[in-house]
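According to full-length UniProt numbering, the sequence shown is numbered sequentially starting from 1. Note that CB positions come from ideal geometry on N, CA and C, so glycine has one too. Every value quoted in this text rests on a predicted model; they were computed, and no experiment measured them.
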Amino acid sequence: MDGALARASAAVWADGHVLAHAAAEGARGQAVALPPMVADVLRRAGLLATELDAVAAVVGPGGFTGLRAALALAQGLALAAGKPAIGVTTGEALAAALPDAVRGSHPVWSVTDTRRGRVLLERLVPGAWAAEAMPQAFTLDAVPHPEEPTLLVGDAAEAVAAASPGHGFILMGLALPDAAAVAAVAARRLSGAVRMLPALPLYVEPPAVRLPSSELPHA
Numbered sequence: 001m002d003g004a005l006a007r008a009s010a011a012v013w014a015d016g017h018v019l020a021h022a023a024a025e026g027a028r029g030q031a032v033a034l035p036p037m038v039a040d041v042l043r044r045a046g047l048l049a050t051e052l053d054a055v056a057a058v059v060g061p062g063g064f065t066g067l068r069a070a071l072a073l074a075q076g077l078a079l080a081a082g083k084p085a086i087g088v089t090t091g092e093a094l095a096a097a098l099p100d101a102v103r104g105s106h107p108v109w110s111v112t113d114t115r116r117g118r119v120l121l122e123r124l125v126p127g128a129w130a131a132e133a134m135p136q137a138f139t140l141d142a143v144p145h146p147e148e149p150t151l152l153v154g155d156a157a158e159a160v161a162a163a164s165p166g167h168g169f170i171l172m173g174l175a176l177p178d179a180a181a182v183a184a185v186a187a188r189r190l191s192g193a194v195r196m197l198p199a200l201p202l203y204v205e206p207p208a209v210r211l212p213s214s215e216l217p218h219a
């Protein structure tokens, strides 16, 4: 499942393909949309949550509320089923949605808008299912230039490409992750083909959340 950005989505994956899928666009409301969506795809796939081999969710980068809602639901289902909860990054999910032949011959860079004046950059080498390292934060004008033609995905892709014209970025028109691609990465993690990642929130920068004044720490 995914609630990281401006979409909520859920999918059931088995034997290399999606059995059921649902999605709803919107920058808010993932916490409300995901539980019935997950119930719906399980029903259409003819499965109980306890019959799953694993549960996967996007861990970030993304919005605080949507990430936490998806991860809490994933962890709860996994605990009830006694099965692993697997994490997939936003960049990994976006890269997995690209055609194999295309991403197999080019690096993939995923850029997520923090809405705080920066973008978070994830890099995958050609053909990789896992990101090279933790996402890095850059201001728009400081995003590095690739050394070779590079596929650019994510909700900040158009802004990054516009800020660096002629520097080898290839816009793929793919802005938001989707649960079907999340499942493709998670299945490889479950099989051991890709290193495991826990279903825990991935914060590159502190969440933009203020504590009430009564809860602020005292010097």
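- Counting only the Cα atoms, residue 107 lies some 31 Å from residue 28.
- Positions of the beta strand (DSSP E) runs, each at least 3 residues long and wholly inside the UniProt domain "Gcp-like" (28 to 121), are given as 55 to 60, 85 to 89 and 108 to 113 in order along the chain.
- The segment 189 to 196 makes no contact with the segment 17 to 28, as fewer than three CB pairs between them are under 8 Å.
- Here residue 41 is near residue 11, since their CB atoms are less than 9 Å apart.
- For residue 7, the beta-bridge partners assigned by DSSP are 25.
- Following the DSSP letters along the chain, one finds residue 160 in no beta strand (DSSP E) but inside the alpha helix (DSSP H) bounded by residues 157 to 163.
- Assignment of beta-bridge partners to residue 20 by DSSP yields 12.
- Taking 8 Å as the upper bound for CB-CB distance, residue 158 and residue 130 are not in contact here, some 25 Å apart.
- By the CB criterion at 9 Å, residue 120 and residue 132 fall outside the cutoff.
- Relative to residue 78, the option among 1, 153, 171 and 103 whose CA is nearest is 1.
- Relative to the Cα of residue 85, the nearest Cα in the group 100, 135, 204 and 185 belongs to 185.
- Less than 9 Å separates the beta-carbon of residue 174 from that of residue 97.
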